[in-house]
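Everything on this sheet refers to the single structure shown next.
Residue numbers (the working numbering): 78 to 480.
Given below as structure tokens:
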């Protein structure tokens, strides 16, 4: 939809300016008339393609969403009408994409749509879980309470995502550093020795031949390497963008040594946190499981949760359904069973979330002690290989010279 910039006079004669979205200039003028503005000039904003592209590429970070939810909670708690609150937050929001979305949401609410319905048309900003929680708050008349829970859930999501990134950051940095060092040696160091080695009549040892062959490939066929790497990355992206490929990749992620354990704990904490939040908000357990399956972030676990929801729908207990999925640890099963038997499932889910939150923190803090021996051994082997490749020919040449 085109955007028009305008200059106009208010009822008291003061001049204002801004932008409105409309299908045509006359419709933009009608919007100004509804706002009780007298138009001075209305013109279509130029460069809209690049602006729209930049807006689509811009992300609404979790921090922005937390800040918005906190502000909305304060607005509702203060007794300010929802529409007025959304418009006020639109003016205060710095994130351009969120600002635009809030403007559209405000218009939809003004036209009579429910708040949750208005949010649901922006899935790239508001997750299905977020929308479902807002809907539960609207239906139950407990929007203030729901917003408070959403803040806690979003903060928990931010923390678990941060922990997950911290878990993989260190090994990735070390491995990249090793490859970079190896690349520098292959590109700049080995060629200087290769000239000397090739001029000698001494039989070169296997490590040296391997290094010189790698150097030959890098010097003469590096573009093929880039092409192959690009093709592999593209093939991986296309494969994992399909449901079957994504399912297999998400399953393999759980089997990665050390990291797989962290991934599983993160998904378990997400499962218990989201299920608790939805359940406390008044969502039925089947509907809550359905929402969790679509927002858990792992297709393999999502398929398991969908199967659990189907079993619960037929009247089976949630504990037995979880047990048959064979992905939930005994601790989770035991605590859910306790909650089911005592009627305190929400409290038990909260305990599971707290437990896994502590476990994730501990595992990530210990991550370096798990990975360092492997990386040290790998670095040692690489250094040994390079040392043998460089110094063995010299020793052979010296032996030949003595002989």
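Backbone N, C-alpha and C fix where the C-beta goes; we use that ideal spot for every residue, glycine too.
>> Tell me the DSSP secondary structure of residue 257 in three-state form.
In response: Counting from 1 along the chain shown, the entry for residue 257 is found at position 180. Residue 257 falls in the helix class under three-state DSSP.
> By the 10 Å Cβ neighbour count, where 16 or more other Cβ atoms means buried, how is residue 182 classified, buried or exposed?
Replying inline: The count along the chain shown starts at 1 and reaches residue 182 at position 105. When all chains shown are included, residue 182 counts as buried.
> With 16 as the cutoff for other CB atoms within 10 Å, does residue 368 come out buried or exposed?
Replying inline: Walking along the chain shown from the start, residue 368 turns up at place 291. Residue 368 should be labelled buried.
> What does DSSP give as the partner residues of residue 84 in its beta bridges?
Replying inline: Stepping through the chain shown from its first residue, residue 84 is reached at position 7. As a beta-bridge residue in DSSP terms, residue 84 pairs with 94 and 118.
> With 16 as the cutoff for other CB atoms within 10 Å, does residue 472 come out buried or exposed?
Replying inline: Walking along the chain shown from the start, residue 472 turns up at place 395. Around the beta carbon of residue 472, fewer than 16 other beta carbons lie within 10 angstroms, which makes this residue exposed.
>> Can you tell me whether residue 172 is buried or exposed? The criterion is at least 16 other CB atoms within 10 Å of its CB, across all chains shown.
In response: By one-based count along the chain shown, residue 172 stands at place 95. Here residue 172 is buried, its C-beta having at least 16 other C-beta atoms within 10 Å.
> Under the three-state reduction of DSSP, which class applies to residue 190: helix, strand or coil?
Replying inline: Taking the first residue of the chain shown as position 1, residue 190 is located at position 113. Residue 190 falls in the coil class under three-state DSSP.
> What's the call for residue 92, buried or exposed, on a 16-neighbour Cβ count within 10 Å?
Replying inline: Looking up residue 92 in the chain shown gives position 15. Around the beta-carbon of residue 92, fewer than 16 other beta-carbon atoms lie within 10 Å, marking it exposed.
>> Output needed for residue 335: all residues of its chain with C-beta closer than 8 Å, excluding positions within five of it in sequence on either side, in chain order.
In response: Here the question's residue 335 lines up with position 258 in the chain shown. Counting only Cβ-Cβ distances below 8 Å, and skipping sequence neighbours, we find 444, 447 and 448.
> What first and last residue would you give for the alpha helix (DSSP H) that runs through residue 284?
Replying inline: Translated into the one-based positions of the chain shown, residue 284 becomes position 207. Element bounds for residue 284: 283-318.
>> Less than 6 Å between C-beta atoms, sequence neighbours within five positions excluded: which residues of the same chain meet that for residue 330?
In response: Reading the chain shown from its first residue, position 253 is the one you call residue 330. Cβ neighbours of residue 330 beyond the five flanking positions: 340.
> If we ignore side chains and look at the alpha-carbon of each, how far apart do residue 392 and residue 386 end up?
Replying inline: Within the chain shown, the letter at position 315 stands for residue 392. Within the chain shown, the letter at position 309 stands for residue 386. If you draw a straight line from the Cα of residue 392 to the Cα of residue 386, it is about 10 Å long.
> How many Å lie between residue 394 and residue 419 at the Cα?
Replying inline: For this step, residue 394 is matched to residue 317 along the chain shown. For this step, residue 419 is matched to residue 342 along the chain shown. Separation of residue 394 and residue 419 (C-alpha to C-alpha, rounded to the nearest whole angstrom) is 14 Å.
> Between the region 147-155 and the region 220-227, do at least 3 Cβ pairs fall closer than 8 Å?
Replying inline: A contact exists between the region 147-155 and the region 220-227.
> Whose C-beta lies closer than 6 Å to the C-beta of residue 202 among residues of the same chain, with five residues either side of it excluded?
Replying inline: On the chain shown, residue 202 is found 125 positions in, with the first residue counted as 1. Closer than 6 Å at the Cβ level, and outside the excluded window around residue 202, lie 137 and 178.
> With distances taken between CB atoms, is the gap from residue 281 to residue 470 smaller than 8 Å?
Replying inline: To locate residue 281, count along the chain shown from 1; it is residue 204. To locate residue 470, count along the chain shown from 1; it is residue 393. Yes.
>> Are the CB atoms of residue 347 and residue 440 within a distance shorter than 8 Å?
In response: As a working note, residue 440 is residue 363 in the chain shown. As a working note, residue 347 is residue 270 in the chain shown. Not a contact, by the Cβ cut-off of 8 Å.
> From which residue to which residue does the alpha helix (DSSP H) around residue 162 run?
Replying inline: Indexing the chain shown from 1 puts residue 162 at position 85. Run containing residue 162: 159-169, per the alpha helix (DSSP H) assignment.
> Is there contact here, the region 410-425 with the region 204-219, by at least three beta-carbon pairs under 8 Å?
Replying inline: Output reads no: the region 204-219 does not touch the region 410-425.
> For the alpha helix (DSSP H) that residue 356 lies in, which residues bound it at each end?
Replying inline: On the chain shown, residue 356 is found 279 positions in, with the first residue counted as 1. Per DSSP, residue 356 is one residue of the alpha helix (DSSP H) stretching across 336-357.
>> Helix, strand or coil for residue 391? Go by DSSP, reduced to three states.
In response: Taking the chain shown and counting its residues from 1, the one referred to as residue 391 is at position 314. Reduced to three states, the DSSP call for residue 391 is coil.
>> For residue 492 and residue 192, which I take to be in contact (beta-carbon distance under 8 Å), what is that distance rounded to the nearest angstrom?
In response: Within the shown structure, residues of the chain are numbered from 78 to 480, placing residue 492 beyond reach of any answer.
> Do residue 107 and residue 206 have their CB atoms nearer than 8 Å?
Replying inline: Your numbering for residue 107 matches position 30 in the chain shown. Your numbering for residue 206 matches position 129 in the chain shown. In this structure, residue 107 sits away from residue 206, with a CB-CB distance that is not shorter than 8 Å.
>> Let's see if you can read the secondary structure: which residues bound the alpha helix (DSSP H) around residue 407?
In response: What you label residue 407 is simply residue 330 of the chain shown in a count that begins at 1. Start and end: 407-419.
> Should the region 427-437 be called in touch with the region 368-380, which here means at least 3 C-beta pairs below 8 Å?
Replying inline: Not touching, per the Cβ criterion.
>> Please determine whether the Cβ atom of residue 266 lies at a distance below 7 Å from any heavy atom of the ligand ADP.
In response: By its list of ligands, the structure shown contains no ligand whatsoever, and the ligand ADP lies outside what it can speak to.
>> So, for residue 186: in the same chain, excluding its five sequence neighbours on each side, which residues have a beta-carbon less than 7 Å away from its beta-carbon?
In response: Numbered from 1 along the chain shown, position 109 holds the residue referred to as residue 186. For residue 186, the CB contacts under 7 Å within the same chain, skipping 5 residues up- and downstream, are 159, 160, 163, 192 and 195 in chain order.
> Considering residue 217, what are the terminal residues of the alpha helix (DSSP H) in which it resides?
Replying inline: Numbered from its first residue, the chain shown carries residue 217 at position 140. Per DSSP, the unbroken alpha helix (DSSP H) holding residue 217 starts and ends at 205-217.
> Where does residue 312 land, buried or exposed, given buried means 16+ other C-beta within 10 angstroms?
Replying inline: To locate residue 312, count along the chain shown from 1; it is residue 235. Taking every protein chain shown into account, the CB of residue 312 has fewer than 16 other CB atoms within 10 angstroms, so this residue is exposed.
> According to DSSP, is residue 427 helix, strand or coil?
Replying inline: The residue you call residue 427 lines up with position 350 of the chain shown. Three-state DSSP puts residue 427 in a helix.
> Helix, strand or coil for residue 373 per DSSP?
Replying inline: Sequence index remark: in the chain shown, residue 373 carries index 296 (1-based). Coil at residue 373, not helix or strand.
> Looking at residue 120 and residue 82, is the spacing between their C-beta atoms short of 8 Å?
Replying inline: Here residue 82 refers to the residue found at position 5 of the chain shown. Here residue 120 refers to the residue found at position 43 of the chain shown. Yes.
>> For a test of the three-state rule: what should DSSP assign to residue 323, helix, strand or coil?
In response: Position 246 of the chain shown, counted from the first residue, corresponds to residue 323. Looking at residue 323 - three-state DSSP - the assignment turns out to be helix.
> Using a Cβ-Cβ cut-off of 7 Å (strictly less than) and excluding sequence neighbours within five positions of residue 118, which residues of its own chain qualify?
Replying inline: By one-based count along the chain shown, residue 118 stands at place 41. Excluding five sequence positions before and after residue 118, the CB atoms of its chain that fall closer than 7 Å to its own CB belong to 83 and 84, given in chain order.
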